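First the structure, in the form of structure tokens, and then the observations on it.
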Ligand code: GAP
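In the UniProt record's numbering, the protein residues as written are 1 to 462.
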């Protein structure tokens, strides 16, 4: 990472902690690697991200329904999905500083590639060919152990009191979509859906990630927003193109600059995949995967059919044609979207009296929509009026009441958490004309608005 990029990342991480967006987990116990907690503004931002995704994916679509499946599933699910046998990352240890490193990432940095399908032997062959050029990102030395494949599934000791799968551990789910596949038949039988249709889900997933860097980009516990779309085999690629377009447009609607997203086509496809693209975001550490949009053929349903012994077909009600639907998938992490939204919003602006940091979130993502201030905290009549207005506005918007410090300081704080509007109640409000000052976060322009007009004013703004 270049110095400016590193600085920008550090500034975002530090703002997140200072202003209550994201904290490293278990800090009072010395931390817990690759796990993060979302603070008061972080959880609002997360909720807004999930709301926007759900709106685009379920609310506005007649052909997609929602699901909330469990984190725990029968261990056989993870065998059928291929995760028990194949869900692994190649790991090597730096013999100098003992850092554990992802060999596929080290190879990528020197223009070589190792993919999921390769055996340990194949990966080590490529690794050996390039070892001299590779330096440990931690200590700069070039002395590594051989690569070893490391399974990413997180095991649990969830009780198996019936003993029917007692030799196998139960896992915390490694991806949410398996819960979708195993509910395909339930939804088909109960929700009046017809192919093509989709099932969408937001939920936690867990992976034993080896390298845990880059803040919330790669964590061991994270949330996914996944949608699996079931198609007729012949229409898979046509639907895939539509999904790709919809997902691109979604990020533009979310307020991301088009130059900050790009498509990355997978060259080495797993054997069942028809096509796979990622949408990458321009994070401070470079363009990296934000979302995967993949055409997966009928692999998922066929595997679950094989392992469960249940037919997972579709019978077309018009033609009576029977087939296993093909699946196209959209899969994105909440944390990666939150991080992209933070990067997109982070702005430093020169002012006459110094610099201001302002998080220019689009209004729909802003954690707090409106802050309400009494001009002076020691004037009970101002505080009372401000409370009255705050109590009204909070019925419709996430609001914050703030009477700490002077108004300048309060603006600074609200700018840093990205609040689009601040409303100040002063003596004119109570003694003269029942108006308040509304200050716009981005332009810093202020205007007087009648208290009775505030409802209409904000309805237009949001
Ligand atoms: N069902 C497909 C699937 O899970 P993936 O590429 O492994 O595919 C999909 O993950 C998305 O989930 C990624 O594009 C990313 O946004 C998010 N994701 C995956 N691993 C993550 C991690 N360790 N931390 C945060 N987000 C992660």
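For every residue, glycine included, the Cβ atom is placed at its ideal position computed from N, Cα and C.
All values reported here derive from a predicted model rather than from experimental measurement.
Here residue 342 is buried. Its C-beta has 16 or more other C-beta atoms within 10 Å. At least 7 Å separates the beta-carbon of residue 149 from that of residue 169. Taken in chain order, the unbroken stretches of beta strand (DSSP E) that lie wholly in the segment 17-57 and span 3 residues or more are 22-24, 36-38. The Cβ-Cβ distance between residue 200 and residue 58 falls below 7 Å. Proximity of the beta carbon of residue 333 to ligand 1 is indicated: a heavy atom of the ligand is located closer than 6 Å.
With a cutoff of 6 Å, residue 211 does not count as near ligand 1, since its C-beta is closer than that to no heavy atom of the ligand. Within the same chain, and ignoring the five residues on either side of residue 263 in sequence, the residues whose Cβ sits closer than 7 Å to its Cβ are 277, 279. Here the C-alpha atom of residue 359 lies approximately 12 Å from the C-alpha atom of residue 369.
When DSSP reads this structure, residue 67 sits in a beta bridge with 201. The C-beta distance from residue 423 to residue 438 rounds to 6 Å, short enough to fall under 8 Å. Secondary structure of residue 278 (DSSP, three-state): strand.
Beta-carbon to beta-carbon, residue 399 and residue 372 are separated by about 6 Å, close enough to satisfy the 8 Å threshold. Contact between the segment 73-90 and the segment 40-57 is absent: fewer than 3 CB-CB pairs across the two stretches fall below 8 Å.
Taking each of 111, 402, 122 in turn and checking the Cα distance to residue 387, the smallest one comes out for 402.
About 6 Å separates the CB atoms of residue 325 and residue 231; that is less than 8 Å, so the two are in contact. In this structure, residue 224 has its CB closer than 6 Å to one or more heavy atoms of ligand 1.
Nearest in C-alpha terms to residue 62, of all of 131, 122, 229, 251, is 229.
The beta-carbon distance between residue 335 and residue 195, rounded to whole angstroms, is 32 Å. This is too long to meet the 8 Å contact definition. DSSP places residue 399 in the strand class (E or B) of the three-state scheme. Distance check between residue 395 and each of 455, 381, 385 places 455 closest, using alpha-carbon atoms only.
Ligand 1 has a heavy atom closer than 6 Å to the beta-carbon of residue 291. Non-local beta-carbon contacts of residue 252 in its own chain, meaning distances under 7 Å to residues more than five positions away in sequence, involve 258 in chain order. Distances from the CB of residue 412 to the heavy atoms of ligand 1 are all 6 Å or more.
About 6 Å separates the CB atoms of residue 301 and residue 181; that is less than 8 Å, so the two are in contact. Going by DSSP, residue 380 is part of no beta strand (DSSP E) but of the alpha helix (DSSP H) stretching over 380-393. Residues 92, 93, 95 of the same chain have their beta carbon placed closer than 7 Å to that of residue 145, with the five preceding and five following residues left out of the count. With at least 16 other beta carbons inside 10 angstroms of its own, residue 330 counts as buried. Counted as a single uninterrupted DSSP element, the stretch harbouring residue 88 is not any alpha helix (DSSP H) but the beta strand (DSSP E) occupying residues 88-93. Look at residue 219: its beta carbon is less than 6 Å from one of the heavy atoms in ligand 1. Comparing alpha-carbon positions, the option among 299, 106, 273 lying closest to residue 142 turns out to be 106.
By alpha-carbon distance to residue 362, the top candidate from 345, 377, 352, 374 is 345. Under the three-state reduction of DSSP output, residue 292 falls in the strand class.
The Cβ-Cβ distance between residue 176 and residue 249 does not fall below 7 Å. Looking at the DSSP output, residue 422 bridges to 371, 439.
Residue 140 has its alpha-carbon roughly 14 Å from the corresponding atom of residue 100. In the same chain as residue 381, and ignoring 5 residues on each side of it, the C-beta atoms closer than 7 Å to its own belong to 430, in chain order.
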